[in-house]
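Here the structure comes first, spelled out in structure tokens, and everything after it is commentary.
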Amino acid sequence: MVLIDLEIVEIHIRDPVAVDTGAARAVGDRVGLFDGPGSGLGVAGLVLAATVVGIGLFVKSLVSDVDGPLDPRAIGGSAVSSAPQTSSPPTTDVKPIKATAFSPEGTLENADAVSLSIDGDPTTAWKSEDYSSPRPFPTVKNGEGILLELPKAVVLGSVTVVVNGTGTSIQIRSSDTSSPATLEDTTQLTPPQAMNPGPNTFAITSPTPTSNVLVWITQLGDVGDKHRAEIAEITVKAAG
């Protein structure tokens, strides 16, 4: 069995030479391939020695372009990169200039108090009328809501609704006009969602600018032992 002196490989990695028969024979002499009774190996020994030199050159080629300590990942031919940092798109608060009650299939409920939903004070709230049935919509009427007029048309980023009580269901819609006659005159931006007590944020993905936002109540909730909706605050944000 022929043992290969690893020092030879190290020498040729540090100072590679052309793989020719002269270099191969020099390596062969160091490991004793051509001395004594084993000299009959001849061509086989020369080939083995040349292989040693070739390995040295190959390893050298892998590390020749590395400046500084060798990164083991470089030998495998792959690089590890950090995942790009992502952040939420920036948004800007948009203060509504007007809030009106919207109930196209019934009477307006507490219309004089609807401005409490945009007064910046979550301790005040607009309240619907109390109903004897916990689920009056759409039997009594198709729903009710608060229509917000913005100072200018913007692409919406989100709408946050602060709700008192539990069970109220709300969706966000938009309108081309500040006085739509029917619900069909508005456009759905989100599906109805059951609200939790406190703030509930709707992410808006529509790219169409609007200056009229409808917070539409599709189902009443319960506040204490009363069947009604209470909206304490509405905040609108424009997409960045």
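The sequence shown runs 1 to 240 under my numbering.
Glycine is no exception: its CB is placed at the ideal position from the N, C-alpha and C atoms.
| From residue 186 to residue 145, what distance separates their C-alpha atoms? | What you label residue 186 is simply residue 186 of the sequence shown in a count that begins at 1. What you label residue 145 is simply residue 145 of the sequence shown in a count that begins at 1. Their backbone Cα atoms lie some 12 Å apart in a straight line.
| task | Using only alpha-carbon positions, find the residue among 119, 99, 114, 141 that is nearest to residue 107. | result | What you label residue 107 is simply residue 107 of the sequence shown in a count that begins at 1. Checked all of 119, 99, 114, 141; the closest Cα to residue 107 is 141.
| request: Would you kindly work out how many angstroms separate the C-alpha atoms of residue 150 and residue 137, rounded to a whole number? | output: Taking the first residue of the sequence shown as 1, we reach residue 150 at position 150. Taking the first residue of the sequence shown as 1, we reach residue 137 at position 137. Straight-line Cα distance between these residues: approximately 28 Å.
| Closest by C-alpha distance to residue 240, when choosing among 130, 209, 226 | Looking up residue 240 in the sequence shown gives position 240. Out of 130, 209, 226, 209 has the C-alpha closest to the C-alpha of residue 240.
| By DSSP, does residue 117 sit in helix, in strand, or in coil? | Against the sequence shown, residue 117 aligns to sequence position 117. Reduced to three states, the DSSP call for residue 117 is helix.
| query | Taking the alpha-carbon positions, what's the residue 183 to residue 117 distance? | reply | The sequence position of residue 183 within the sequence shown is 183, counting from 1. The sequence position of residue 117 within the sequence shown is 117, counting from 1. Their backbone Cα atoms lie some 21 Å apart in a straight line.
| message | Quick test of the definition: if touching needs 3 or more C-beta pairs under 8 Å, does the stretch 171–179 touch the stretch 212–222? | response | yes
| Cut-off 6 Å between Cβ atoms - residues of its own chain near residue 233, not counting five sequence neighbours on either side | Within the sequence shown, residue 233 is the residue found at index 233, counting from 1. 122, 162.
| task | Might you give, ordered along the chain, the residues of its own chain that have their beta carbon closer than 7 Å to the beta carbon of residue 109, omitting 5 neighbours on each side? | result | Walking along the sequence shown from the start, residue 109 turns up at place 109. Result list for residue 109: 101, 103, 128, 129, 144, in chain order.
| message | Less than 8 Å between the C-beta atoms of residue 236 and residue 159, yes or no? | response | For the purposes of this step, residue 236 is taken as the residue at position 236 of the sequence shown. For the purposes of this step, residue 159 is taken as the residue at position 159 of the sequence shown. Yes.
| said: Tell me the rounded alpha-carbon separation between residue 133 and residue 166. | reply: Locating residue 133 in the sequence shown gives position 133, where the first residue counts as 1. Locating residue 166 in the sequence shown gives position 166, where the first residue counts as 1. If you take the alpha carbons of residue 133 and residue 166, they lie about 15 Å apart.
| task | Please report how far the alpha carbon of residue 194 lies from the alpha carbon of residue 112, in whole angstroms. | result | Numbered from 1 along the sequence shown, position 194 holds the residue referred to as residue 194. Numbered from 1 along the sequence shown, position 112 holds the residue referred to as residue 112. Near 26 Å, if we compare the C-alpha coordinates of residue 112 and residue 194.
| Assigned secondary structure, residue 150 (DSSP; H/G/I helix, E/B strand, else coil) | On the sequence shown, position 150 is the one that residue 150 refers to. Strand.
| task | To the nearest angstrom, report how far apart residue 147 and residue 226 are at their CA atoms. | result | Your numbering for residue 147 matches position 147 in the sequence shown. Your numbering for residue 226 matches position 226 in the sequence shown. The alpha-carbon atoms of residue 147 and residue 226 are separated by roughly 24 Å.
| task | Could you have a look at residue 76 and say whether DSSP puts it in helix, strand or coil? | result | Start at 1 with the first residue of the sequence shown, and residue 76 comes out as number 76. Note that residue 76 scores 43 on pLDDT, short of 50, meaning its location in the model is unreliable; the coordinates nonetheless yield the value given after this. In the structure shown, residue 76 sits in coil (DSSP, three-state: anything other than H, G, I, E or B).
| task | Just the C-alpha distance for residue 131 and residue 170, rounded to the nearest angstrom, thanks. | result | Against the sequence shown, residue 131 aligns to sequence position 131. Against the sequence shown, residue 170 aligns to sequence position 170. If I take the Cα positions, the gap works out to 17 Å.
| said: My output table needs one value for residue 239: the three-state DSSP class, helix, strand or coil. | reply: Locating residue 239 in the sequence shown gives position 239, counting from the first residue. Looking at residue 239 - three-state DSSP - the assignment turns out to be strand.
| task | Using alpha carbons as the reference points, say which of 230, 105, 95, 231 lies closest to residue 181. | result | For this step, residue 181 is matched to residue 181 along the sequence shown. Nearest option by C-alpha distance: 105.
| query | Do residue 218 and residue 202 have their C-beta atoms within less than 8 Å of each other? | reply | Within the sequence shown, residue 218 is the residue found at index 218, counting from 1. Within the sequence shown, residue 202 is the residue found at index 202, counting from 1. Judged by beta-carbon spacing, residue 202 lies beyond the 8 Å limit of residue 218, meaning their Cβ atoms are not closer than that value.
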